[in-house]
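2 protein chains.
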Amino acid sequence: MNVTAAIITIGDELLIGQVVDTNSAWIARNLNKLGIDVLRRVAVGDDRNAIINALNEELQASQLIIMTGGLGPTADDITKPLLNEYFSGKIVVDEAVLEHVKNIFAKRNRPFLERNMKQAEVPDVCTVLFNKMGTAPGMWFEQDGKVIISLPGVPFEMVHIMEQEVLPRLKERFISDALLHRSVVTAGEGESFIAEKIKDIEEALPAHIRLAYLPGAGMVKLRLTGRGADANRLATELKSLQKQIADRLEHIVVAMEDIPLEQVLGRWFSANNATLGMAESCTGGFIAHHITQVQGSSAYFKGCIVCYSNDIKEKVLGVRKETIEQYGAISEQTVTELVKGALKVLDVEYAFAVTGLMSEGGESDKIEVGTVWMAVADKNTVATRKMWFPFDRARNKEMTVSMGMLLLWKFITKS
Amino acid sequence: MNVTAAIITIGDELLIGQVVDTNSAWIARNLNKLGIDVLRRVAVGDDRNAIINALNEELQASQLIIMTGGLGPTADDITKPLLNEYFSGKIVVDEAVLEHVKNIFAKRNRPFLERNMKQAEVPDVCTVLFNKMGTAPGMWFEQDGKVIISLPGVPFEMVHIMEQEVLPRLKERFISDALLHRSVVTAGEGESFIAEKIKDIEEALPAHIRLAYLPGAGMVKLRLTGRGADANRLATELKSLQKQIADRLEHIVVAMEDIPLEQVLGRWFSANNATLGMAESCTGGFIAHHITQVQGSSAYFKGCIVCYSNDIKEKVLGVRKETIEQYGAISEQTVTELVKGALKVLDVEYAFAVTGLMSEGGESDKIEVGTVWMAVADKNTVATRKMWFPFDRARNKEMTVSMGMLLLWKFITKS
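For the protein sequence lines, the chains are U and Y, in the order given. Sequential numbering of the first sequence, starting at 64, is according to this note's numbering. Sequential numbering of the second sequence, starting at 64, is according to this note's numbering.
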């Protein structure tokens, strides 16, 4: 029987949609690694009754509750006094936290205010979870064999306290079955095509192993999830199923673990000791950003010319004025000169280039919004491709990034 | 009395944290604009009982339930048959959807499979919400005066159906009080400093108006939320409070509406008819990406040299080899030459440059991880600044982007 958990996120900003909740996903992912099952995630506002109701409800089914938010120094942050009351505690000043908070203000040359003092106050019935990254400490309560944890909502403070204080304690506190995942990342085919291809494998899955399809831009991730008392046996079982699926799907398999495409690319460039450079127009540096998210990317990624204006295309990358005049900035001819320019100017073995129209304005009188030309090249070959995306500016940009990295991957692996 | 709503997101991937839920924030934001209050957001797995329990629970407090996910063509997608049963319907084929799905497969040159046929099946007790962007239609159910809507989990499909089919119908269906927001965006001071400054204004707020603090990287957004029957009167009231707060906070106010810093910058550059260019090393194009997220940015943003390798710093931007050898790539001297190089090579009136070390590796034997040098320049002045961030690679990059745009904003507005 697995330990079950619920995540309660607190804050009006979640209910009016002003912020996207990234905390829940991080917490869920890390509880999962410990073999703790998240049953539900609930978001409620900065409202006393809503918080208490959520807590009561989730405590019925779960042994562990992790709450985030509502611990700041301002009047809309009500979680701490509420939990103090809920667990019949008394507010006391934690001297270690007080000194830490005073230090933070001193270092930043900011006056220490009366209300900051409040950050050092904690219920005497909790274990204080020290917050090195900020002023609001986390709190660990226990009641009737269940654990209730309250953490600040600022993502990097939450992550820090979870890693340093919460996860090691949870590991010790709860024993549970192993829960393991294995992924196969595919590119270029849809969910239903894949489902049809591996129908028999999916139907023959044992009850303790599940398969999920996670579609993304141009890609589908397949995730096998298994649980069992014997972690080694489960791992062998999952590995064999993963191989079966990958063998069946052959050439559309991009990776055998859940990593992003930029990391798949990074491994290839590292392994092949090759260099990469780019010329980005319509994506404005977003592809280079992805590539450089990978630690160690400086070993193969030399740089990128974000050539938003035609001027830069010509002056920095050497695209001929006549090419742009005759064919337009968004054309096969221009993208070809861009990619050749990138190869030369950045002095790299492989180059990628992209030019397109992401939303109204610019050349939208001459060319359809969503039109994109891409090119990949090495010193012998240039491959170009035209695409069209029907979405809004942000989504068109994201799709262009995904499809661009995919084109690059296909080019280097000749698939 | 406002209409109340709950959002239920379905999918095991949410509970193991493999994907971040962006749908809920989008839906909440858009219900809010209509004056519909979201009371709770709940995420559950692809599990029959969990979905039914969530539906029963949320129906107790809310008049409107919006569900996303679980409508795909694969075996882990169980929402449709479950809702059919829940509302005692009968599955029928929707001819319009069937034709649409067949067309999609024909256009993509993919075989139409038996399981795709299922996408055209719908309960006869719902209103079908046509999905132009994908194969799974949305469904609108009514029971005891309450509305239950089921939508696909793919974000852009969800958005499309919401905009085309759901929001206009909801507006017609529900009458409600006005709910209005007004924001003041600040930069450079912390939450508690601001709270102290405007304490009297906050304490004097009427019961129907609330103030929330939304801290971000180097910035704090203040959001006033008011509700009332008379929208015009409420708008006047909020506007006056917003002005009161902004007058009190003076020079730290960046914007009087909830817009990102790149848009604040964009307005300034547009209004002043000035051009902007960049040289990014450690941020790998991420700042240029932000700048080009703004529609119309091509009018002022000419481009960016992502100079990840020293080679590009020297060859493309003209940084002297000796400067890098003597002071290092991450130094005031190098960033000064980078920003001057960007001014010249990109031929712009304002340039921004950044170089730093985001994580272990590279120069981490010589310089502390998290060290960043930034510079802004026009033809007369260069301003440089050293910063240090204590986080992981991704967060350090984000912080550098925020603080970089802030430095640029302070430079151009001389504040």
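Where a beta carbon is used, it is the ideal one built from N, C-alpha and C, also for glycine.
Original post:
For isoleucine 375 (chain U), which three-state DSSP category applies?
Top reply: As a position in the first sequence, residue 375 (chain U) is number 312, starting the count at 1. The three-state reading of DSSP puts isoleucine 375 (chain U) in helix, counting H, G and I together.
Original post:
Does histidine 152 (chain U) have its Cβ less than 8 Å from a Cβ in chain Y?
Top reply: Counting from 1 along the first sequence, the entry for residue 152 (chain U) is found at position 89. In the sequence as presented, histidine is not what sits at residue 152 (chain U); that position holds glycine. So no, glycine 152 (chain U) is outside the interface.
Original post:
Would you call leucine 103 (chain U) buried or exposed, if buried means 16 or more other Cβ atoms sit within 10 Å of its Cβ?
Top reply: For this step, residue 103 (chain U) is matched to residue 40 along the first sequence. Residue identity differs from the one stated: residue 103 (chain U) is arginine in this sequence, not leucine. Label assigned to arginine 103 (chain U): buried.
**OP:** Look up tryptophan 472 (chain U) in the DSSP assignment and give the residues it is bridged to.
**Re:** Counted from its first residue, the first sequence places residue 472 (chain U) at position 409. Tryptophan 472 (chain U) pairs with nothing; no bridge assigned.
Original post:
Under the rule that 16 or more other beta-carbon atoms within 10 Å means buried, what is arginine 286 (chain Y), buried or exposed?
Top reply: Position 223 of the second sequence, counting from 1, holds the residue named residue 286 (chain Y). When all chains shown are included, arginine 286 (chain Y) counts as buried.
Original post:
How would you label aspartate 140 (chain Y), buried or exposed, when you count the other beta carbons within 10 angstroms and need 16 or more for buried?
Top reply: Within the second sequence, numbered from 1, the residue matching residue 140 (chain Y) stands at position 77. It counts as buried.
Original post:
What does a CB cutoff of less than 8 Å around alanine 392 (chain U) pick up in its chain, not counting 5 residues either side in sequence?
Top reply: Residue numbering aside, residue 392 (chain U) sits at position 329 when the first sequence is read from its first letter. Within the same chain, alanine 392 (chain U) has close Cβ partners Ser344, Asn373, Lys376, Thr418 and Glu426.
Original post:
Can you tell me whether DSSP reads proline 278 (chain Y) as helix, strand or coil?
Top reply: Counting from 1 along the second sequence, the entry for residue 278 (chain Y) is found at position 215. Residue state, collapsed to three classes: strand.
Original post:
Going along the chain, which residues of its own chain have a beta-carbon closer than 7 Å to the beta-carbon of glycine 404 (chain U), five neighbours each way excluded?
Top reply: In the first sequence, the residue the question calls residue 404 (chain U) occupies position 341. Only Ala342, Leu380, Gly381 and Val382 meet the Cβ criterion.
Original post:
Would glutamine 81 (chain U) count as contacting chain Y if we go by Cβ distances under 8 Å?
Top reply: Taking the first sequence and counting its residues from 1, one reaches residue 81 (chain U) at position 18. Taking Cβ atoms only, chain Y reaches closer than 8 Å to glutamine 81 (chain U), which makes this a yes.
Original post:
Taking buried to mean at least 16 other C-beta atoms within 10 Å of its own C-beta, is asparagine 119 (chain U) buried or exposed?
Top reply: Start at 1 with the first residue of the first sequence, and residue 119 (chain U) comes out as number 56. Answer is exposed; the Cβ neighbour count stays below 16.
Subject >> Three-pair Cβ contact test at 8 Å for the segment 176–189 of chain Y versus the segment 249–264 of chain U >> reply: yes
**OP:** Tell me, please, whether the segment 84–95 of chain Y touches the segment 89–97 of chain U by the rule of three or more beta-carbon pairs shorter than 8 Å.
**Re:** no
Original post:
When the distance is taken between beta carbons, is isoleucine 308 (chain U) closer than 8 Å to valine 247 (chain U)?
Top reply: Within the first sequence, numbered from 1, the residue matching residue 247 (chain U) stands at position 184. Within the first sequence, numbered from 1, the residue matching residue 308 (chain U) stands at position 245. For valine 247 (chain U) and isoleucine 308 (chain U), yes; Cβs fall inside 8 Å.
Original post:
Would you say serine 333 (chain Y) reaches chain U, if we count a Cβ-Cβ gap shorter than 8 Å as a contact?
Top reply: On the second sequence, position 270 is the one that residue 333 (chain Y) refers to. Contact of serine 333 (chain Y) with chain U is not assigned, every C-beta pair being separated by 8 Å or more.
Original post:
Closest to leucine 243 (chain U) by CA distance: which of U:Lys260, U:Pro218 and U:Leu304 is it?
Top reply: The residue given as residue 243 (chain U) occupies position 180 in the first sequence. When only C-alpha atoms are compared, the closest one is U:Leu304.
**OP:** Indicate the three-state DSSP secondary structure (helix, strand or coil) for glutamate 423 (chain U) in the structure shown.
**Re:** Locating residue 423 (chain U) in the first sequence gives position 360, counting from the first residue. Coil at glutamate 423 (chain U), not helix or strand.
**OP:** May I ask you to report which of helix, strand or coil DSSP gives valine 83 (chain Y)?
**Re:** Stepping through the second sequence from its first residue, residue 83 (chain Y) is reached at position 20. In the structure shown, valine 83 (chain Y) sits in coil (DSSP, three-state: anything other than H, G, I, E or B).
Original post:
With DSSP run on the structure shown, which of helix, strand or coil describes glycine 289 (chain Y)?
Top reply: Residue mapping note: residue 289 (chain Y) aligns to position 226 of the second sequence, counting from 1. Here glycine 289 (chain Y) sits in strand by DSSP.
Subject >> Span of the alpha helix (DSSP H) around serine 344 (chain U) >> reply: Here residue 344 (chain U) is taken as the residue at index 281 of the first sequence, counted from 1. Counting along the chain, no alpha helix (DSSP H) covers serine 344 (chain U), and no H or E run does either.
**OP:** Establish whether the CB of asparagine 194 (chain U) and some CB of chain C are separated by less than 8 Å.
**Re:** This model lacks chain C altogether, as its protein chains are U and Y.
**OP:** Decide if alanine 275 (chain U) is buried, meaning its Cβ has at least 16 other Cβ atoms within 10 Å, or exposed.
**Re:** Counting from one through the first sequence, the residue named residue 275 (chain U) turns up at place 212. The residue is buried, with at least 16 neighbouring Cβ atoms inside 10 Å.
Original post:
With a Cβ-Cβ cutoff of 8 Å, do threonine 131 (chain Y) and proline 186 (chain Y) count as a contact?
Top reply: The count along the second sequence starts at 1 and reaches residue 131 (chain Y) at position 68. The count along the second sequence starts at 1 and reaches residue 186 (chain Y) at position 123. No, they are not a contact pair.
Subject >> Selection from U:Ile354, U:Asn95, U:Glu226 and U:Lys260 that minimises the alpha carbon distance to serine 465 (chain U) >> reply: Reading the first sequence from its first residue, position 402 is the one you call residue 465 (chain U). Per the Cα distances, U:Ile354.
**OP:** Note down, in chain order, each residue of its chain lying with its Cβ closer than 8 Å to the Cβ of glycine 279 (chain Y), except the 5 sequence neighbours on either side.
**Re:** Stepping through the second sequence from its first residue, residue 279 (chain Y) is reached at position 216. The residues are Ser465.
**OP:** Determine the chain U residues that contact tyrosine 413 (chain Y) at a beta-carbon separation under 8 Å, and present them in chain order.
**Re:** In the second sequence, counting from the first residue as 1, residue 413 (chain Y) sits at position 350. Within 8 Å Cβ-Cβ: nothing; tyrosine 413 (chain Y) doesn't reach chain U, min ~14 Å.
Original post:
Which residues mark the beginning and the end of the alpha helix (DSSP H) in which arginine 311 (chain Y) is found?
Top reply: Numbered from 1 along the second sequence, position 248 holds the residue referred to as residue 311 (chain Y). First-last of the alpha helix (DSSP H) with arginine 311 (chain Y): 294–312.
Original post:
Out of Y:Gly208, Y:Ala414, Y:Gly80 and Y:Glu461, which has the shortest C-alpha to C-alpha gap to tyrosine 363 (chain Y)?
Top reply: On the second sequence, position 300 is the one that residue 363 (chain Y) refers to. Selected option, being the one with the closest Cα: Y:Ala414.
Original post:
How long is the line joining the alpha carbons of lysine 195 (chain U) and isoleucine 224 (chain U), rounded to whole angstroms?
Top reply: On the first sequence, residue 195 (chain U) is found 132 positions in, with the first residue counted as 1. On the first sequence, residue 224 (chain U) is found 161 positions in, with the first residue counted as 1. Their backbone Cα atoms lie some 8 Å apart in a straight line.
**OP:** Tell me whether the beta-carbon of valine 321 (chain U) lies closer than 8 Å to the beta-carbon of glycine 98 (chain U).
**Re:** By 1-based counting over the first sequence, the position of residue 321 (chain U) is 258. By 1-based counting over the first sequence, the position of residue 98 (chain U) is 35. Correcting the residue identity first, residue 321 (chain U) is aspartate in this sequence and not valine. Contact flag unset, no.
Subject >> Beta carbon proximity, proline 278 (chain U) to chain Y, threshold 8 Å >> reply: To locate residue 278 (chain U), count along the first sequence from 1; it is residue 215. Yes - at least one Cβ of chain Y is within 8 Å of the one on proline 278 (chain U).
Subject >> 6 Å CB neighbourhood of isoleucine 368 (chain Y) in its chain, flanking five on each side removed >> reply: Taking the first residue of the second sequence as 1, we reach residue 368 (chain Y) at position 305. Counting only Cβ-Cβ distances below 6 Å, and skipping sequence neighbours, we find Ala342, Val379 and Leu380.
Subject >> Below-8 Å beta-carbon distance, tyrosine 371 (chain Y) vs any chain U residue >> reply: As a working note, residue 371 (chain Y) is residue 308 in the second sequence. By this cut-off, tyrosine 371 (chain Y) is an interface position.
Original post:
Taking Cβ to Cβ, would you say leucine 77 (chain Y) is nearer than 8 Å to alanine 124 (chain Y)?
Top reply: Numbered from 1 along the second sequence, position 14 holds the residue referred to as residue 77 (chain Y). Numbered from 1 along the second sequence, position 61 holds the residue referred to as residue 124 (chain Y). No. Outside cutoff.
Original post:
Could one say the Cβ of valine 229 (chain U) lies closer than 8 Å to chain Y's Cβ atoms, at least one of them?
Top reply: Counting from 1 along the first sequence, the entry for residue 229 (chain U) is found at position 166. No, its Cβ sits nowhere closer than 8 Å to a Cβ of chain Y.
**OP:** Taking tryptophan 89 (chain Y) as the query, report the chain U residues whose CB atoms sit under 9 Å from its CB, ordered along the chain.
**Re:** Counting from one through the second sequence, the residue named residue 89 (chain Y) turns up at place 26. What tryptophan 89 (chain Y) touches in chain U: Gly80 and Val83.
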